[in-house]
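Each remark here refers to the structure printed beneath this line.
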Amino acid sequence: ELVQSWRTASERGIDILVGTPSQHQLELLTDIPHEPVHIEVQCSCGQMPATQVLYEEDLTYPKHLCSDCYTKRRSDAIASLLAEVKRSDPFPNELHTYQPFYGLDMKGWELVRNDCQTRLKIILDAVSRCDIINEKLADPLGQASFVDLGCCSGFFSDAMADRGFRSSGVDISKDFIDWASRLAKIKAQDIIYVQDDLLGHLTSSTKHFDVISTFATVQWVMAQKGYAAGLTCFEEIFERADSICVIEMGYTTEPIYRDKIIDRPTEIDRQWVLNLMEQSGQFDTIELHPMGENGIWRDIFVGFKTAPASPRVFDDFPVTAATQTSSASGYWSDNWAGPQLDVGLQAEGDITKVGLAGWCPEECSGAKLTLNVADQNIGQATIEHGGFQIELETNISKDAFFAFQVSADKTFSAEGDDRELSFILLELKFQ
324 ELVQSWRTAS ERGIDILVGT PSQHQLELLT DIPHEPVHIE VQCSCGQMPA TQVLYEEDLT
384 YPKHLCSDCY TKRRSDAIAS LLAEVKRSDP FPNELHTYQP FYGLDMKGWE LVRNDCQTRL
444 KIILDAVSRC DIINEKLADP LGQASFVDLG CCSGFFSDAM ADRGFRSSGV DISKDFIDWA
504 SRLAKIKAQD IIYVQDDLLG HLTSSTKHFD VISTFATVQW VMAQKGYAAG LTCFEEIFER
564 ADSICVIEMG YTTEPIYRDK IIDRPTEIDR QWVLNLMEQS GQFDTIELHP MGENGIWRDI
624 FVGFKTAPAS PRVFDDFPVT AATQTSSASG YWSDNWAGPQ LDVGLQAEGD ITKVGLAGWC
684 PEECSGAKLT LNVADQNIGQ ATIEHGGFQI ELETNISKDA FFAFQVSADK TFSAEGDDRE
744 LSFILLELKF Q
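All the letters of the sequence shown, read from the start, carry residue numbers 324 to 754 under the numbering used here.
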């Protein structure tokens, strides 16, 4: 399309100058009158022509380098960055930092968050099922946008830029923003990093993004500026995400946050986040990735503004009158359940009762099962060896998103099977 537009303009008498055309464009130009000019720049070593550029101060004036010099200078720049990280708080003189840098070898480093790759896969899975975003990514003149709010040292912003997004990140830490910006220059990436507090940034801008992620950040706003400030952040985040919103929230059930958000009117937990997203009216579909899924630290929620092109694929979980919105933690495809079964669901109609049918092995006879719906304990039942049925009352509105959990106080392990097993789940029925 670009080459054809050059031809059209040239035929109208316009002089066209094309800098650094691609090989494919040069091939397409063979039947169009043009004058190719080869410009050679010497590497700063003076020994070889430059074939690479390395950006250090800005993205305007690069260093022109041969391949060998580029490899060494880039390696030195990365080593200098990592040396600064090592010297810095909160882990001075240790190979220890909060999260990895995307694409860098962090072997030997201790990471506070070692689940970044798994969280990235969650974002990319959501993107792969969003037609609007994929149309933008496929358009040579279009570009999908992404921002990570509370971006730390830029792992997710960097990864999304690598996949064609117009990427940015916001964090309150000057060190994190400086490190992320340095690496972006080394990689010649035009990523916009901003040092700012989350509430101030959101309330001083009206910018929208195709994809927004925020991992364990809003609870710190609540701790420092109050519960209402965190709600304002979420309102802005939900509004600004045009297609996908990825949320991780620190819960007040965690010791680190229990005493920090002192003005909260209720506990902040999984159901709190689900209710907040649902009641915003912003999302067609909300998917839950429960804590522990493929090693993630906390629950992660993915909100789609329009229905995804395809649903997530789960094991065949035996549930009726509700739609599965997360993998079933503590449940296996052979129908065995462990001591803590945990699954996200969406009600297909108004629910007043939940029925659980299963089989109890002799080793777990007398086990007490505790059932929770939407983080509310709805009752307990003792099961004996053989088949069992449990029916309890609950109250869930049609289309509501909720978590369902069953905990058992007895387990056993079969010979040759290292799983902790409690009972076989035959049917989970809501009515």
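Every residue gets a Cβ at the ideal spot worked out from N, C-alpha and C, and that includes glycine. Predicted, not measured: the structure shown is a model, and the values here were computed from it.
What residue range does the beta strand (DSSP E) around residue i cover?
i      : result
Ala670 : 659-670
Leu692 : 690-696
Gly492 : 489-494
Phe711 : 709-719
Ser468 : 468-472
Trp268 : Shown here, the chain extends from 324 to 754; a query on residue 268 therefore has no answer.
Counting only the same chain and skipping the five closest in sequence on each side, list residues whose C-beta sits under 7 Å from that of residue i.
i      : result
Asp520 : Ile495
Glu743 : Gly661, Pro662, Thr734, Ser736
Arg397 : Leu377, Ile509
Gly672 : Ala644, Lys721
By the 10 Å Cβ neighbour count, where 16 or more other Cβ atoms means buried, how is residue i classified, buried or exposed?
i      : result
Cys474 : buried
Arg410 : exposed
Ala632 : exposed
His347 : exposed
Thr383 : exposed
Arg452 : buried
Asp533 : buried
Ile337 : exposed
Arg505 : buried
Val435 : exposed
Ala402 : exposed
Glu750 : exposed
Cys439 : buried
Gln365 : exposed
Ser536 : buried
Leu664 : buried
Arg335 : exposed
Taking 8 Å as the limit between beta carbons, can you name the residues of its chain near residue i, skipping five residues before and five after?
i      : result
Ile300 : As displayed, the chain neither begins before 324 nor continues past 754, which places residue 300 out of reach and without an answer.
CB-CB under 6 Å to residue i, same chain, minus the five flanking residues each way: which ones, in chain order?
i      : result
Phe488 : Ala467, Phe469
Ala539 : Glu571, Gly573
Gly477 : Gly492, Ala503
Gly549 : Asp586
Gln518 : Lys497, Ile500
Find the nearest neighbour of residue i within the set the options, judged by alpha-carbon distance.
i      : options                        : result
His524 : Ser736, Trp502, Glu559, Ile509 : Glu559
Pro385 : Val376, Cys392, Asp391         : Val376
Leu351 : Trp329, Pro423, Pro634         : Trp329
Ile713 : Gly681, Asp428, Pro641         : Gly681
Lys497 : Leu418, Ala645, Val408         : Val408
Pro372 : Phe746, His387, Pro359, Asp381 : His387
Leu522 : Ala546, Thr555, Ile515, Ala651 : Thr555
Locate the alpha helix (DSSP H) running through residue i, then write down its first and last residues.
i      : result
Gly615 : Premise fails: Gly615 is in no alpha helix (DSSP H) and is neither H nor E.
Ala704 : Element bounds for Ala704: not the alpha helix (DSSP H) but the beta strand (DSSP E), 699-706.
Glu559 : 550-563
Gly523 : 521-526
Ile579 : 578-581
Phe532 : Careful: Phe532 lies outside any alpha helix (DSSP H), inside the beta strand (DSSP E) at 532-538.
8 Å is my cut-off, CB to CB: does residue i come that close to chain E?
i      : result
Asp462 : Going by chain labels, chain E is absent from the structure shown, which holds only one protein chain.
Please give me, in chain order, every unbroken run of the beta strand (DSSP E) with length at least 3 that falls completely inside the segment 628-652. 645-647
Identify every run of the alpha helix (DSSP H) within the segment 391-466, keeping only runs that are complete inside it and at least 4 residues long; order them along the chain. 439-451, 454-461
To test your reading of the DSSP string, which unbroken alpha helix (DSSP H) runs of 4 or more residues are found completely within the segment 335-388? If only complete runs of 4 or more residues are kept, the segment 335-388 shows the alpha helix (DSSP H) at 346-351, in order along the chain.
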